[in-house]
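The opening position of the sequence shown corresponds to residue -8 in this note's numbering, with each subsequent residue numbered one higher.
Report on the following structure.
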Amino acid sequence: MDAQAETRGTTRAAFLARVALVTGALCGAGAVAPLVERTLAATGGGDEAILGFALTLERIEAAFYTKAVAVRGLSPAVKKALQEISAHEAAHVKQLTQTLQQLGASAPPAPKTSFPALAGEAAVLGLAITLEETGVGAYNGAAPRLQSDDYLDAFGSIVQVEARHAGALRELAGRNPAPAAFDRALTGPQVLRAVRPFVRSGP
């Protein structure tokens, strides 16, 4: 193995270890050890950990929209947008779960979510934008680590929709729908810091 390949392998192993730790932290402390063991022991199974990481984020988003669409006082346009996005997130959860099953892998346990009181439309839109933009950054950061082109295509199809969600929500909130020329890629720890306030560690 040449030095460049070895470096890529080391970088990938370190990334997958962080993915396992972050996914375990989001799903509860008891999930960390088996996720880390599976990730570090895998040679061709790295995609499993990355897909599980994405599924965990999609489940957080799906749980949020289930709550958001029930908030009172939403304008018809915002309510319709939230309902459509909620359906998209449910479809993402289904697709990623099926992909993991095709790999012969088990999906990580669903995280226990806890969102703040959503007192009005501005609060709903603000948190929705945060979650969508975190999702886009997470996919951008994780996608280059995938080994399978098929899974990369799946990631690409999801992240495009997540970016459209973010733009539409920003416009509904009266913000610039595309404030930057490029989307940033987030690391596992950055994603964890962004979504950790919305996940309960206890029962």
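Even for Gly, the Cβ is constructed at its ideal location relative to N, Cα and C.
This one's a predicted model, so the numbers in the text were calculated from it and none came from an experiment.
The C-beta distance from I41 to A133 rounds to 5 Å, short enough to fall under 8 Å. The bridge partners DSSP lists for K103 are R191. Close CB contacts of Q74 within its chain, under the 7 Å cut and outside five residues either way in sequence, are with V60 (chain order). Cβ-Cβ separation between V190 and T104: approximately 6 Å, consistent with a contact (criterion under 8 Å). For V150, the closest alpha carbon among the candidates K71, E39 and A45 is that of A45.
In the displayed model, Q138 falls within coil according to three-state DSSP, outside both helix and strand.
Shortest Cα-Cα distance from A78 to any of A53, R166 and L143 involves A53. Collapsing the DSSP output to three states places G165 in coil. Around the Cβ of D144, a 10 Å sphere holds fewer than 16 other Cβ atoms; the residue is exposed. DSSP places A59 inside the alpha helix (DSSP H), whose first and last residues are G37 to A59.
Burial is judged here by how many other beta carbons sit within 10 angstroms of a residue's own beta carbon; P99 has at least 16 and is buried. Assignment of P67 by DSSP, reduced to helix, strand and coil, places it in the helix class.
Residue burial is scored here from C-beta neighbours: F173 has fewer than 16 other C-beta atoms within 10 angstroms and is therefore classed as exposed. Annotation for L122: the continuous alpha helix (DSSP H) segment containing it runs E112 to A133.
Residue range G179 to V186 is occupied by the alpha helix (DSSP H) that includes G179. Between the alpha carbons of H156 and L91 lies a distance of about 24 Å.
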